[in-house]
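Participant: Structure in structure tokens, see below.
Number of protein chains: 2
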Amino acid sequence: MAESKTAMIDTATSARSLTRKDGVVVKIRRWIITGVLLPGQKLTELDLAKNLEVSRQTIREALAQLTRESLLVQEPFKGIKVAEPSAQDIMDLALLRESLDLLALDQLLKDVTQDSLSHVAQAWTVFEALENDADPLARHQAHIAFHHAIWEASRSSTLLHVAPVVEGLMTIALARDLQVRQDPKREHSIHQKYVHAILSGDHARAAQAIHEHTVGSASELVRLLG
Amino acid sequence: MAESKTAMIDTATSARSLTRKDGVVVKIRRWIITGVLLPGQKLTELDLAKNLEVSRQTIREALAQLTRESLLVQEPFKGIKVAEPSAQDIMDLALLRESLDLLALDQLLKDVTQDSLSHVAQAWTVFEALENDADPLARHQAHIAFHHAIWEASRSSTLLHVAPVVEGLMTIALARDLQVRQDPKREHSIHQKYVHAILSGDHARAAQAIHEHTVGSASELVRLLG
DNA sequence: TTTTCTCCGATTGTCAGACAATCTAAAAGG
DNA sequence: CCTTTTAGATTGTCTGACAATCGGAGAAAA
């Protein structure tokens with residue numbers, strides 16, 4: 001049934017992941033992003049273990065990780081289901097992201113001597129390249145990666161500690177957005193304004209762009225869903 | 227050797243925890259706070275399983291959770307060790323907390339119609355009661371619980387998602403502080419200013435108190451350690 | 001009929017022992 | 001002294017099992 005265990009790890013994910021658990025995490029996350037798994041849906045360990053051809057133990061570790069990332073919700077002995085954020089939650093997330101992006105911005109503009117800005121510029125070109133990709137999964141990952149790059153460039157270690165949770169919340173919030181797709185040109189313009197403001201060192205304009213990008217987009221999304 | 231498995235759960239922790247894994251998490255966290263486990267120390271699953279009298283699987287799940295909380299650091303196949311934050315990390319954490327506390331403050335003062343403020347007031351009385359407790363563990367937990375209560379009162383769901391990570395970072399940063407204990411009166415005064423500013427609804431004064439409490443205390447701590 | 005209670009199946013939490021994959025450090029060789 | 005090999009230790013994963021708990025289907029009572 002299972003030819004070689006090591007071989008399976010390699011083929012488990014497009015990007016090679018070190019451990020099997022990570023492969024499972026990537027797959028389930030992908031299912032949530034692409035709408036194969038919908039918010040509120042219940043997951044049972046045995047089913048997943050059978051489908052993904054991995055032991056229950058490994059499934060449990062993967063589910064635990066996804067729960068930390070707020071993609072899943074768990075109640076002891078009751079089970080695990082895909083998170084279903086409310087409109088309130090989405091607006092909350094926007095405010096949190098605004099705070100954190102502003103923090104990153106402060107750090108970024110603090111030492112322009114570093115090559116942090118070129119890091120951002122490079123991330124932007126990668127994002128532009130994938131932004132209109134046919135695969136919605138690729139687009140989503142590019143989006144997340146772009147914002148992650150900005151946090152990275154800010155050289156704030158704690159932001160990176162918090163990143164998995166925030167990115168998980170973004171993922172689950174935007175999963176619906178992939179169906180109810182909003183204007184891609186507007187998306188592009190917003191991000192472009194953001195990057196240009198950062199690169200030009202204009203703090204006020206960057207702050208404005210951040211607000212538009214987080215709170216603005218979130219209320220737009222809520223409007224579409226409500 | 228193990229009389230009754232259910233009985234062991236009850237006695238595993240002072241506060242009853244639903245699952246065994248949670249009991250282990252509490253114990254290890256306690257060891258880190260009290261300095262039984264020092265930053266950088268390596269942990270092996272088999273040792274812990276033997277000492278805590280639970281299976282390796284349970285230990286692994288507990289360690290995974292503590293790793294998410296940034297109390298531990300893991301490298302695949304290499305092992306797990308207690309995190310050792312640098313001075314830079316501690317200052318970073320202070321800035322992050324300042325951002326998040328300001329966010330909570332905004333939310334708190336937005337709707338004073340709610341009984342959020344009484345929630346804060348109550349948390350404050352609890353904190354004051356435990357603040358001078360003989361047990362350093364109790365003091366630390368009271369400190370964390372106090373700040374958690376403020377975030378709770380802000381009714382921001384996302385803050386609560388992020389809380390475990392931030393509180394983990396606080397715990398590991400303050401673990402040393404329990405040894406290099408700084409002025410408890412100063413601690414009290416800072417927190418008191420904070421609470422009074424919140425309850426009086428004075429945004430500017432609260433923001434000032436937050437800054438003192440996070441950035442101020444952090445640089446003080448760094449000075450003591452460096 | 002509606003309500004409450006009891007029981008059973010399904011699922012999660014935990015255990016034990018085993019093997020494969022990988023890292024670490026000591027021994028062997030140049 | 002430095003590289004290479006090898007053996008031991010530790011982590012990652014599997015299989016199979018049992019205990020603890022939840023949820024719902026009937027049975028009993030009102």
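In order, the protein sequence lines correspond to chains A and B.
Anchor point for the first sequence: position 17 equals 17 in my numbering, and the numbering is continuous, going up by one each time.
Anchor point for the second sequence: position 123 equals 349 in my numbering, and the numbering is continuous, going up by one each time.
Built from N, CA and C at the ideal position, the CB exists for glycine as well.
Leaving out the 5 sequence neighbours to the left and right, which residues in its chain are closer than 7 Å to A/Val25 when beta-carbon positions are compared?
Facilitator: Ala62, Gln65 and Leu66
Participant: State the start and end residues of the unbroken beta strand (DSSP E) segment that holds B/Gly305.
Facilitator: Gly305 to Val308
Participant: Can you tell me where the alpha helix (DSSP H) with B/Leu289 in it begins and where it stops?
Facilitator: Arg282 to Arg294
Participant: Is the distance from the Cβ of A/Val180 to the Cβ of A/Leu117 below 8 Å?
Facilitator: no
Participant: When the Cα of B/Val409 is compared with those of B/Pro390, B/Gln267, B/Pro311 and B/Glu357, which residue comes out closest?
Facilitator: Contrary to the premise, residue 409 of chain B reads as Asp rather than Val in this sequence. When B/Pro390, B/Gln267, B/Pro311 and B/Glu357 are compared, the shortest CA-CA separation from B/Asp409 is found for B/Glu357.
Participant: Where does the unbroken beta strand (DSSP E) through A/Val73 begin, and where does it stop?
Facilitator: Leu72 to Glu75
Participant: Relative to chain B, which residues along the region 38-65 of chain A have a C-beta separation below 9 Å, given in chain order?
Facilitator: Gln57, Arg60, Glu61, Ala64 and Gln65
Participant: Exposed or buried, B/Ser443, counting other C-beta atoms within 10 Å across all chains shown (16 or more means buried)?
Facilitator: buried
Participant: Which of helix, strand or coil does DSSP assign to B/Leu269?
Facilitator: strand
Participant: Output the distance between the C-alpha atoms of A/Leu93 and A/Ala123, rounded to the nearest integer angstrom.
Facilitator: So the alpha carbons of these two residues sit roughly 23 Å apart.
Participant: In whole angstroms, what is the alpha-carbon distance linking A/Leu71 and B/Lys411?
Facilitator: 42 Å
Participant: Leaving aside the five residues before and after B/Glu438 along the sequence, list all residues of the same chain whose C-beta is less than 7 Å from its C-beta, in chain order.
Facilitator: Cβ contact annotation for B/Glu438 (same chain, cutoff 7 Å, sequence separation greater than five): Ile416, in chain order.
Participant: Within 8 Å of any Cβ in chain A, is that where the Cβ of B/Arg294 sits?
Facilitator: yes
Participant: Where does B/Asp248 land, buried or exposed, given buried means 16+ other C-beta within 10 angstroms?
Facilitator: buried
Participant: Exposed or buried, what is A/Ser156 when buried is set at 16 or more other beta-carbons lying within 10 Å of its beta-carbon?
Facilitator: buried
Participant: Taking any Cβ of chain B, which residues in the region 159-172 of chain A have a Cβ under 9 Å from it, in chain order?
Facilitator: Leu159, His161, Val162, Pro164, Val165, Val166, Gly168 and Leu169
Participant: Please confirm whether B/Asp337 has its beta-carbon closer than 8 Å to some beta-carbon of chain A.
Facilitator: no
Participant: How big is the Cα-Cα spacing for B/Pro311 and B/Leu263?
Facilitator: 14 Å
Participant: Anything in chain A within Cβ reach of B/Leu297, meaning under 7 Å, just list it in chain order.
Facilitator: Within 7 Å Cβ-Cβ: nothing; B/Leu297 doesn't reach chain A, min ~11 Å.
Participant: Compare the beta carbon distance of B/His429 and B/Leu400 with 8 Å and say whether it is the shorter of the two.
Facilitator: For the 8 Å CB-CB criterion, B/His429 and B/Leu400 do not form a contact.
Participant: Express the C-alpha separation of A/Leu159 and B/Leu326 in angstroms, rounding to a whole number.
Facilitator: 12 Å
Participant: What residues from chain B crowd round A/Asp227, counting only those whose CB sits closer than 8 Å?
Facilitator: With chain A covering 1 to 226 only, the question about residue 227 of chain A has no answer from this structure.
Participant: What residues in its chain sit with their C-beta under 8 Å from that of B/Val346, if we drop five residues either side in the sequence?
Facilitator: Leu334, Ala375, Ile376, Ala379, Val421, Ile424 and Leu425
Participant: In this structure, does DSSP put A/Asn132 in helix, strand or coil?
Facilitator: coil
Participant: Distance check for B/Leu447 and A/Ala163, CA to CA, integer angstroms please.
Facilitator: If you take the alpha carbons of A/Ala163 and B/Leu447, they lie about 25 Å apart.
Participant: Against A/Asp92, what residues of chain B qualify as contacts under a CB-to-CB distance less than 7 Å, listed in chain order?
Facilitator: Ser382, Ser383 and Thr384
Participant: Which one of A/Pro136, A/Asp106, A/Lys78 and A/Glu98 has the shortest CA to CA distance from A/Ala209?
Facilitator: A/Glu98
Participant: Under 8 Å, Cβ to Cβ, is there at least one residue of chain A near B/Leu400?
Facilitator: So, not an interface residue.
Participant: So, is B/Lys253 buried or exposed, given that buried needs 16 or more other C-beta atoms within 10 angstroms?
Facilitator: Buried, by the Cβ-count rule.
Participant: Would you mind giving the Cβ-Cβ distance between B/Ile398 and B/Ala309, rounded to the nearest angstrom? I have them listed as a contact below 8 Å.
Facilitator: 5 Å
Participant: For A/Thr19, go through chain B and note every residue whose CB falls closer than 7 Å to its CB, in chain order.
Facilitator: Pro302
Participant: State the DSSP-derived secondary structure class of A/Pro164, mapped to helix, strand or coil.
Facilitator: helix
Participant: Should B/Leu334 be flagged as near chain A, meaning a C-beta pair shorter than 8 Å?
Facilitator: no
Participant: From A/Ile9 to A/Gln57, what does the alpha carbon distance come to, in whole angstroms?
Facilitator: The predicted position of A/Ile9 is uncertain, since its pLDDT is 35 and thus under 50; a value taken from the coordinates is nonetheless stated next. In a straight line, the C-alpha of A/Ile9 is about 16 Å away from that of A/Gln57.
Participant: Near A/Pro136, which residues of its chain fall below 6 Å by C-beta distance, leaving aside the five closest residues on each side in sequence?
Facilitator: Excluding residues within five positions, the ones whose Cβ falls inside 6 Å are Leu178.
Participant: Hey, how far is the Cα of A/Leu18 from the Cα of B/Ala368?
Facilitator: Put simply, the backbone Cα of A/Leu18 is about 39 Å away from that of B/Ala368.
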